[in-house]
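The sequence shown finishes on residue 287 if you use the numbering used here, and the numbering steps up by one all the way, no holes.
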Amino acid sequence: MNAIKTNPRILLTGSTGQVGGVLLKMLPMMSSELWAPTRHELDLYDPESITAAVQRFNPDIIINPAAYTAVDQAEDDVENCYLVNETAVKHLAQALKHVNPNGVFIHYSTDYVFDGTKAEPYSETDATNPQSIYGKSKLAGEHALADAGLSHLIFRTSWVYSLFGKNFVNTIKRLAVERKELTIVSDQLGAPTSALEIATVTLLAIKHLQMTPINTAHSMWGIYNLTGKEMLSWYEFAQKIVAQMNLDSPPTIKPQLTKDYPFKAPRPLNSRLSGEKIKIFTGSPQD
Ligand SMILES: NC(=O)c1ccc[n+]([C@@H]2O[C@H](COP(=O)([O-])OP(=O)(O)OC[C@H]3O[C@@H](n4cnc5c(N)ncnc54)[C@H](OP(=O)(O)O)[C@@H]3O)[C@@H](O)[C@H]2O)c1
């Protein structure tokens with residue numbers, strides 16, 4: 001028996017989000033038994049709704065890109081942030097373990113679990129020290145999943161963008177035509193990551209585990225960094241986005257230091273995550 005069976009029953013949360021939206025399009029390639037419930041069918045604020053949905057569908061895999069992702073808003077909305085990022089993860093995992101003890105839970109986390117003070121890119125084993133409510137709640141979600149005792153993968157990603165949704169790329173594209181001058185933070189370093197890449201690697205990992213005997217998969221469960229290859233600052237990223245737009249009169253882009261920018265939630269200055277470990281699934285360098 002392999003770690004993940006062929007044509008697994010997959011419950012996908014957050015399918016209206018950036019990563020969930022791409023997964024919704026790609027997962028039918030590997031399963032004819034995909035259920036992506038609406039918020040009405042699965043409300044992550046409501047533990048009873050979670051348990052009922054998992055019991056009803058009886059999945060082999062839960063893929064959970066749903067999250068409370070409003071980083072600044074979370075500082076004033078602590079309870080709701082933890083409800084989605086920690087409590088819901090705990091209830092999803094417990095419900096899966098109850099209906100299917102061999103079930104697999106695939107989850108997503110963030111560079112915000114680190115304080116950003118390391119000079120080099122973070123590895124999966126580096127000590128965490130989140131500074132924001134969002135980062136703390138996502139780390140609590142990682143722990144809740146690990147504590148549930150299920151086979152699981154946690155992909156830590158950063159600076160996610162996609163064609164749709166609220167993200168840096170779409171914001172800069174809009175502002176570049178609206179304004180003559182943009183001021184962008186230049187001392188936060190990280191790796192922009194497309195939702196398409198995250199979804200692609202998720203499918204590669206599932207395929208890999210479909211070819212791995214259950215008794216040898218043990219060492220593969222756990223945390224993986226999953227980010228784009230290019231590491232740069234937000235300022236450099238904005239320059240690239242605007243250059244690709246080929247505007248007749250592009251805006252001037254000015255650098256600004258984080259300390260001079262009125263962020264409500266603290267940001268890690270170093271968000272870079274090492275891409276070594278994920279090569280087990282991708283077979284290619286990520287950094
Ligand atoms: N965005 C980033 O830059 C970034 C960076 C690092 C890590 N991550 C992590 O990557 C993962 C995917 O992020 P993303 O950018 O794809 O997120 P996103 O676009 O903000 O989507 C979040 C999804 O969660 C759903 N959701 C939120 N609260 C819910 C609730 N109470 N019940 C049901 N569904 C709920 C949303 O549904 P509605 O549409 O109904 O609100 C939406 O589908 C998350 O784990 C996130 O923490 C993201």
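By construction, the Cβ of each residue, glycine as well, lies at the ideal position given by its N, Cα and C atoms. Fair warning: this is a prediction, and the values are worked out from it, not measured in the lab.
Here's the rule I'm using: 16 or more other beta-carbon atoms within 10 Å means buried, otherwise exposed. How should residue i be labelled?
i, result
"K136", "buried"
"G283", "exposed"
"R179", "exposed"
"L247", "exposed"
"D76", "exposed"
"H91", "buried"
"P213", "exposed"
"K138", "buried"
"L163", "exposed"
"N85", "buried"
"N270", "buried"
"P262", "exposed"
"S132", "buried"
"Q55", "exposed"
"S151", "buried"
According to DSSP, is residue i part of a helix, a strand, or is it coil?
i, result
"Y261", "coil"
"Q188", "coil"
"Y161", "strand"
"T16", "coil"
"L23", "helix"
"K207", "helix"
"L175", "helix"
"K351", "Residue 351 is absent from the structure shown; the chain starts at 1 and stops at 287."
"I4", "coil"
"F59", "Correcting the residue type first, residue 59 is Pro in the shown sequence and not Phe. Coil at P59, not helix or strand."
"L269", "coil"
"L44", "coil"
"N167", "coil"
"L232", "strand"
"S274", "coil"
"V69", "A quick correction: the sequence has Thr, not Val, at residue 69. Looking at T69 - three-state DSSP - the assignment turns out to be coil, as it is neither helix nor strand."
"S49", "helix"
With DSSP as the reference, identify every bridge partner of residue i, one or two as the case may be.
i, result
"R156", "S109, N225"
"T216", "For T216, which the question treats as bridged, DSSP gives no partner whatsoever."
"W35", "L11"
"K254", "T183"
"N246", "In DSSP, N246 forms no bridge with anything."
"T193", "V160"
What whole-angstrom Cβ distance do residue i and residue j have, given they're in contact under 8 Å?
i, j, result
"V99", "N64", "16 Å between Cβ atoms; not a contact."
"L34", "L27", "5 Å"
"Q344", "S186", "The shown model of the chain, from 1 to 287, leaves out residue 344, and the question about it has no answer."
"I278", "Y224", "5 Å"
"F237", "P268", "16 Å between Cβ atoms; not a contact."
"S31", "P8", "6 Å"
"L182", "P251", "5 Å"
"T13", "P47", "About 14 Å separates the two Cβ atoms, so there is no contact after all."
"L189", "L232", "7 Å"
"L258", "I198", "As written in the sequence, residue 258 is Thr, which differs from the Leu given in the question. So it is not a contact: roughly 25 Å between Cβ atoms."
"L145", "V89", "5 Å"
"Y134", "A74", "4 Å"
"Y161", "S109", "No, Y161 and S109 are not in contact; Cβ-Cβ is about 17 Å, not under 8 Å."
"Y128", "V113", "The sequence as given places Thr at residue 128; Tyr does not occur at that position. That pair is a contact at about 4 Å."
Cβ of residue i within 7 Å of any heavy atom in ligand 3?
i, result
"R179", "No copy of ligand 3 occurs in the structure displayed; its ligands are ligand 1 alone."
Unbroken stretches of the beta strand (DSSP E), 3 residues or longer, contained in the stretch 74-144
104-110
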